[in-house]
Amino acid sequence: MRVMEQNIHESLPVIFSNLQKASEKQQNYDSAEHFGKLSEKYYQDAVSGDLRTIKDMIVTDISSMADIQSLAGENGDRGILRALRWGGKVAAIQKSLIDRYLSKGEALTEGKEIFLCEACGFIFLGNAVPGLCPVCKAPSSRFTKVGK
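Going by the working numbering, the letters in the sequence shown line up with residues 52 to 199, in that order.
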């Protein structure tokens, strides 16, 4: 039970971030601002900003997906299975990016833009946004330029 509580606490930044985006789309800007602040608060509580800590959290998420996938399979929940498949791919890509950044540093992103798929969290490094997300097949309009 303690592990589940920890996983929920670590998931809160993502949940609040998604609620922020939904509120913005509904033009409910007060709620969007509130959810944004909650997302930042829980993110800062969960992560110290150290890439190695973030990588450890990703590895923990990847390992916990097997238990959830087994449960979803037993219940025949195709939606959860699809979300886990996407989440697993994105988590593996994020771990790979962190590993590459830890070994190459700023040279990894030199001359490239960073784009984030808002649908699944896929991170893309390149000169232009991809036409479709390779993970969830969302169109290029679902990508947001990050940083720089």
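All C-beta atoms in this analysis are idealised placements derived from N, C-alpha and C, irrespective of residue type, glycine included. Since the structure is predicted, the reported quantities are computational estimates derived from the model, not experimental observations.
Query: By how many angstroms is the C-alpha of Lys196 removed from the C-alpha of Glu75?; Result: 18 Å
Query: Decide if Ser90 is buried, meaning its Cβ has at least 16 other Cβ atoms within 10 Å, or exposed.; Result: buried
Query: If you reduce the DSSP assignment to three classes, tell me which class Gly177 lands in.; Result: strand
Query: When DSSP labels each residue in this structure, what does Ser99 get in the three-state scheme?; Result: Note that Ser99 scores 49 on pLDDT, short of 50, meaning its location in the model is unreliable and no value can be drawn from it.
Query: Between which residues of its own chain and Asn178 is the CB-CB distance below 7 Å, once the five residues before and five after are set aside?; Result: Lys163, Glu164
Query: Along the chain, where does the alpha helix (DSSP H) that runs through Leu167 open and close?; Result: Note, Leu167: premise wrong, no alpha helix (DSSP H); beta strand (DSSP E) at 164–168.
Query: To the nearest angstrom, how far is the alpha carbon of Glu84 from that of Leu148?; Result: 30 Å
Query: If contact is defined by three or more beta carbon pairs under 8 Å, each pair taking one atom from either stretch, is the segment 165–175 in contact with the segment 119–128?; Result: no
Query: Taking all protein chains shown into account, do 16 or more other C-beta atoms lie within 10 angstroms of the C-beta of Gly156, making it buried, or fewer, making it exposed?; Result: exposed
Query: If Ala142 sits next to Asp112, beta carbons under 8 Å apart, how far is it from one beta carbon to the other, in whole angstroms?; Result: 5 Å
Query: Quick check on the burial criterion: 16 or more other C-beta atoms within 10 angstroms. Buried or exposed for Gln77?; Result: exposed
Query: Go to Val197, then tell me how far its beta strand (DSSP E) extends in each direction, as first and last residue.; Result: 194–197
Query: With 16 other CB atoms within 10 Å as the buried threshold, where does Gly138 fall?; Result: buried
Query: Can you give the Cα-Cα distance for Cys129 and Ala117, rounded to whole angstroms?; Result: In the sequence under discussion, the amino acid at residue 129 is Arg, which differs from the Cys named in the question. In a straight line, the C-alpha of Arg129 is about 15 Å away from that of Ala117.
Query: Could you check where the alpha helix (DSSP H) with Gln145 kicks off and where it finishes?; Result: 129–155
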